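Structure first, then comments.
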Amino acid sequence: MYELLKNLDRRWIFLMMLLAVLIPLLLQWTFPEKISPLTRNTFAEIERLQPGDKVLLSFDYDPSSEGELSPMATSFVYHAAKRGAKLYFMALWPVGPQMVEEKIRQVIRTEFPDLKYGEDYVNLGYKSGYEGVIKVIVTDIRQLYTTDSHGNNIDSIPMMRGVRSLQDMDLIVSVSAGYAGAKEWVMYAKSAYPDKFNVIAGCTGVQAPPLLPYIPRQLPGLVAAIKGAAEYESLLGDQYGLKGNPRYEEGLRRMGPQLVAHLLMIALIIAGNVVYFIGRRKEQAR
Amino acid sequence: MKRTIPLLITSVGGIILILSFFIPFAQEWGETVAVWFDILAGIAFILGGGNLLKTQLKKISDRKPGWGYAGVTVVAFLATLYVGIAKVGVPPNEQYPDKAWSGDYQAEGTPFWWAYEYGFRPLVATMFAMLAFYVASAAFRAFRAKNLEATLLLGTAFIILLGRTYAGVWLTSPLPDDSPLRLETFSDTIRDVFTTIGTRAIMIGVALGIASTSLKIILGVDRSYLGARE
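In order, the protein sequences belong to chains L and S. Take the first sequence: its position 22, counting from 1, is numbered 205 in the working numbering, and each next residue is one higher. Take the second sequence: its position 72, counting from 1, is numbered 1311 in the working numbering, and each next residue is one higher.
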């Protein structure tokens, strides 16, 4: 057994990981979620919105993080639309607008067909400059955004009338995979105008630690990784009767592979250390 | 002159941004400089594209190992660039039907959209999905409890790995709901206390370092960004 583990071809490990992810996914295992305070606070921020409130949703991610962030992005869009908020989409990443269009297609056009583009939601698109974009639009949005992502003049969009800057927003939601993302929204938007709006975020697991120091004053809510997304979906399902709707249980379904993969990782670490210590003892005996 | 003008631009830009933060009268100057920064960021894309072409074409001309992949890169880059800029297959905007190039280059069904949906997106997602396999292999080969620190790190990793799944909830379910030893609560405590403390300290250190380096760059003491003297 020792020799087998010591000389284990890594392709067997790859196969184990493949099965650890594939089997729960195919069997659609889901598990009850215990809601953390961070997710609950994020939910409460969007739940507090009143019809007509303005929400800026910044989709700062690309297909590489879509697996982890797409479920929470879907939940945020649904929740904000359900509260009757006006949705202003934008992106700090070049491929962000495509992420936005996908959510508009999947959620708004499907679940809220009465919502009209330009009156209830708008996609402002991507602008280069990372945190420089935030620095500019926090005082004057038209210095950078003269059209929306489809090329329509911004002044011809009804819901942009009276919106001069980020200070006119009631809430900013950042779905963030790295730089530029939630950290920059907190640093350059929330810190500049702490009393004008709140910032909440959804982020990948690796991005969560750098955001923790901002909780709770600068960042009252944070949905971290697929676990957070699953918790948010659980809250959304309970509040709005979405249980059984597969579009809003994607995060919950991905917790099955996460559980098995984590158990596999623990088993591999233990096995690797067993091999190491047996090998060390044999060397010392020699 | 070649180094003096960039130094002046850096110093003036930096000083204006600092002044605009503290002096309300100068706030508009800072906003103007921020817009210039965003314009430069857009121009940097052209620079990046040019550099990509230069390095890949050199690889092809030198017939370096793997030059075929460089060819694929160049062809894919130029094809996507052409299809996007020329708005190939894009219908005009409804507001301006007589203007051929008024449509959205990302409109569904267009070649650009197709290249993104069926080329870029699956490739990028697959590339990052492969990380899971390499992490598993690394876990078996490299995560060793060789000393006390490594053992503590591995123990913490186990708590987090279990605490972030239902396994943690199930394993410590006999404990009372408010027990701090429940794995999901313990992993939250590790995040909220230990991780936050460490991250906060690192952030303060990084911020002090940024302030110091920025001051050296603005005052012209640190000129490393200008490149080596010819």
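The beta-carbon is built from N, C-alpha and C at its ideal position, and this holds for glycine as well. Note that the structure is predicted; figures quoted are calculated from it, not measured.
In the structure shown, the three-state DSSP call for K310 (chain L) is coil. The beta-carbon distance between M255 (chain L) and G385 (chain L), rounded to whole angstroms, is 4 Å. This is short enough to meet the 8 Å contact definition. Taking 9 Å as the threshold, the shortest C-beta distance from Q326 (chain L) to chain S falls below it. For I1262 (chain S), there is no enclosing alpha helix (DSSP H), as DSSP marks it with neither H nor E.
Comparing alpha carbon positions, the residue from S:V1274, S:I1324, S:A1440, S:S1300 closest to R325 (chain L) is S:V1274.
Distance from D351 (chain L) to I340 (chain L) at the Cβ level is roughly 14 Å; contact not present, criterion being Cβ atoms closer than 8 Å.
If you draw a straight line from the Cα of L1370 (chain S) to the Cα of I1399 (chain S), it comes to about 19 Å. From the beta-carbon of D338 (chain L), no residue of chain S is found nearer than 7 Å; the closest lies around 13 Å away. Scanning L:P440, L:A407, L:L191, L:E284 for the CA closest to the CA of L240 (chain L) turns up L:E284. In this structure G1437 (chain S) is exposed. Its beta-carbon is surrounded by fewer than 16 other beta-carbon atoms within 10 angstroms. Inclusion of L425 (chain L) and E432 (chain L) in the CB contact set at 9 Å is warranted, their separation being smaller than that value.
Under DSSP, the beta-bridge partners assigned to Y271 (chain L) are L:L239, L:V305. No residue range can be given for G1348 (chain S), since it is assigned to no beta strand (DSSP E) and is classified by DSSP as neither H nor E. In the structure shown, the three-state DSSP call for N335 (chain L) is coil. Neighbours of V319 (chain L) in chain S, taken as residues at a C-beta separation under 7 Å, are given in chain order as E1270, A1273, V1274, D1277.
When DSSP states are grouped into helix, strand and coil, A407 (chain L) belongs to the strand group. Straight-line measurement puts the Cα of T1319 (chain S) at about 15 Å from the Cα of G1348 (chain S).
Collapsing the DSSP output to three states places N381 (chain L) in a strand. Taking the CA atoms as reference points, N224 (chain L) sits about 11 Å from I398 (chain L).
For I449 (chain L), the chain S residues whose C-beta falls within less than 8 Å of its own C-beta are F1397, L1400, L1401, listed in chain order.
When 7 Å is used as the limit between beta carbons, F1284 (chain S) is near these residues of chain L: S311, in chain order.
Taken atom to atom, the span from the alpha-carbon of A360 (chain L) to that of R464 (chain L) is near 44 Å.
S348 (chain L) carries a coil assignment under DSSP once its states are collapsed to helix, strand and coil.
Listed along chain L, the residues sitting closer than 7 Å to D1427 (chain S) by beta-carbon distance are S219. Taking a C-beta cut-off of 8 Å against chain L, the contacting residues of the region 1404-1425 of chain S are T1404, Y1405, A1406, V1408, E1423, listed in chain order. The region 1241-1253 of chain S and the region 1391-1411 of chain S do not touch, with fewer than 3 CB-CB distances between them shorter than 8 Å. Looking at the DSSP output, S357 (chain L) sits in a beta bridge with L:S241, L:A384. Contact annotation: in the region 1332-1345 of chain S, residues whose CB is within less than 7 Å of a CB in chain L are N1332, Q1334, S1341, D1343, Q1345.
Using a Cβ-Cβ cut-off of 9 Å, K1297 (chain S) does not count as an interface residue toward chain L, since no Cβ of chain L sits closer than that to its own. For G1269 (chain S) against F1260 (chain S), the beta-carbon gap comes to about 7 Å, under 8 Å, which counts as contact. Neighbours of L1393 (chain S) in chain L, taken as residues whose beta carbon is under 7 Å from its own, are I452 in chain order. Contacts between S1376 (chain S) and chain L, judged by CB atoms closer than 8 Å, involve R193, I196, F197 in chain order. Interface with chain S (9 Å Cβ-Cβ cutoff): Q441 (chain L) is included. Interface criterion not met: the Cβ of K1293 (chain S) is under 9 Å from no Cβ in chain L. Contact annotation for H262 (chain L) against chain S: no contact, minimum CB-CB distance about 23 Å [criterion: below 9 Å].
The beta carbons of Y271 (chain L) and V346 (chain L) sit closer together than 9 Å.
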